[in-house]
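Visitor: Pasting a structure below so you can have a look.
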Amino acid sequence: MNAILEHFQHLGLSLVHGIETYPSLPSTNAFARTRIAAGCAPGTVIRARQQTAGRGRQGRHWLGHKGSLTFSTIWPLQWRIPEALPLVIGVGAAAALARWVPDIRVKWPNDLWVGDRKVAGMLGETFLATDERWLIFGMGINVNGHFPLQEEGNQAASLAECCGTELPLETVFLHVLQHMDSILTQYGAGQGSLQKDLERWGNFLHRLVEVRGSQERFCGRAVGVRSDGALLVETGQGITAVHAGDVSLRPATFP
Ligand code: ATP
């Protein structure tokens, strides 16, 4: 069974409800643990107007900005984080944000890009509390503000920089939450197709890509995405299924 379906089917509740907003937090994912331990309801969204010590994968830093949206959602977790979850939520978020920035796309496995600029990132983490497992799913979206160009190959930008005008932060937030809720409900009902959605909203399918892992790097053509979220890359040796883990994906610099 599709892991997303398996995970969300049993919840039987609106997946996103109850927003807690804080002026400033080091990390919404970290604070979510405190709220879970205090017994907050499943589906609670923790939002920080300013996040001062946001995290990416493998302890990397996530830069905050006053014009950013940073929030984490709390759900009970059945067994492990469905690998496809950031892709599904990414598709929902991209569809929401396309109202302002039509070129926004999902970059496997957990980012949103506009052209070659990264405008949002996602981070799913598990947490064990009172004998229950929880999923904390964090999202950082650079909505407004200026992001100076960073190191080569990972250029941050805000949506405002991409479309040339400031966006209404509160409207953007609610619009993204609504789309997240509806896409998770859709996939939870077994009605979503990652391959189809990423043909529309992804920026990597049918392109030459470079897969960068801690042990290896290789180039190939991204030919598909499995329903579990694995990326299918065709190389001279056949088709390899790539799992997110700590793998990064970039447009290939050479064929
Ligand atoms: P990629 O897939 O692009 O290699 P990643 O998804 O593994 O990156 P994450 O760990 O999710 O990266 O995010 C952290 C990285 O994102 C940082 O190392 C930095 O390069 C970049 N970054 C940090 N803050 C921002 C931001 N506000 N906007 C865009 N990029 C950012």
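Count the sequence shown with this note's numbering and you get residues -15 to 239, in order. Just so you know, even glycine gets a beta-carbon here, dropped at the ideal spot from N, CA and C.
(1) Below 8 Å CB to CB, which residues in the same chain sit around Q221 once its five sequence neighbours on both sides are set aside?
(2) On a Cα-Cα basis, can you pick out the residue from I65, H49, A144, A68 that is closest to P86?
(3) Assign A32 to one of three DSSP states: helix, strand, or coil.
(4) Is S97 near ligand 1, with its Cβ less than 6 Å from a heavy atom?
(5) On the three-state DSSP scale, how would you describe Q139?
(6) Near D100, what residues of its chain come up, given a Cβ to Cβ distance below 7 Å and the 5 sequence neighbours on each side ignored?
(7) Taking 7 Å as the cut-off, decide whether the C-beta atoms of A173 and E67 are in contact.
(8) Short check: CB of V195 to CB of V231, under 7 Å?
(9) Tell me which same chain residues have a C-beta within less than 6 Å of the C-beta of W59, skipping the five on either side of it?
(10) Assess, as a yes-or-no matter, whether the stretch 182 to 194 is touched by the stretch 26 to 39 under the definition of 3 or more beta carbon pairs within less than 8 Å.
(11) Give the secondary structure of S211 by DSSP, where H, G and I count as helix, E and B as strand, and everything else as coil.
(12) Within 10 angstroms of the Cβ of A37, are there 16 or more other Cβ atoms? Answer buried if so, exposed if not.
(13) At which residues does the alpha helix (DSSP H) containing L161 begin and terminate?
(14) With N13 as the anchor, note down where its beta strand (DSSP E) starts and where it stops.
(15) To the nearest angstrom, how far is the alpha carbon of L215 from that of W92?
(16) In whole angstroms, what is the alpha-carbon distance linking E183 and P235?
(17) Just verifying my parser: in three-state terms, what is the DSSP assignment at R184?
(18) Out of F131, W84, K180, which one is the CA nearest neighbour of P152?
(19) Identify, in the order they occur along the chain, each residue of the same chain with its Cβ nearer than 8 Å to the Cβ of G(-4), setting aside the five sequence neighbours on each side.
(20) From L112 to R39, what does the alpha carbon distance come to, in whole angstroms?
(21) Any heavy atom of ligand 1 closer than 6 Å to the CB of A140?
(22) Excluding the 5 residues preceding and the 5 following N13 in the sequence, name in chain order all residues of the same chain whose CB lies nearer than 7 Å to its CB.
(23) Tell me where the alpha helix (DSSP H) around G74 begins and ends.
(24) With hydrogens ignored, establish whether the beta-carbon of K50 is closer than 6 Å to any heavy atom of ligand 1.
Guide: According to the data block:
(1) none
(2) A144
(3) strand
(4) Checking the sequence shown, residue 97 turns out to be Trp, not Ser. No, ligand 1 has no heavy atom inside 6 Å of this Cβ.
(5) strand
(6) Q139
(7) no
(8) yes
(9) P26, L119
(10) no
(11) coil
(12) exposed
(13) 153 to 172
(14) First-last for N13: 12 to 21, but that is the alpha helix (DSSP H), not the beta strand (DSSP E).
(15) 8 Å
(16) 16 Å
(17) helix
(18) W84
(19) No answer about G(-4) holds up, because its pLDDT of 43 lies below 50 and its placement is not dependable.
(20) 19 Å
(21) yes
(22) R39, S56, L107, E109, I120, G122
(23) 69 to 81
(24) no
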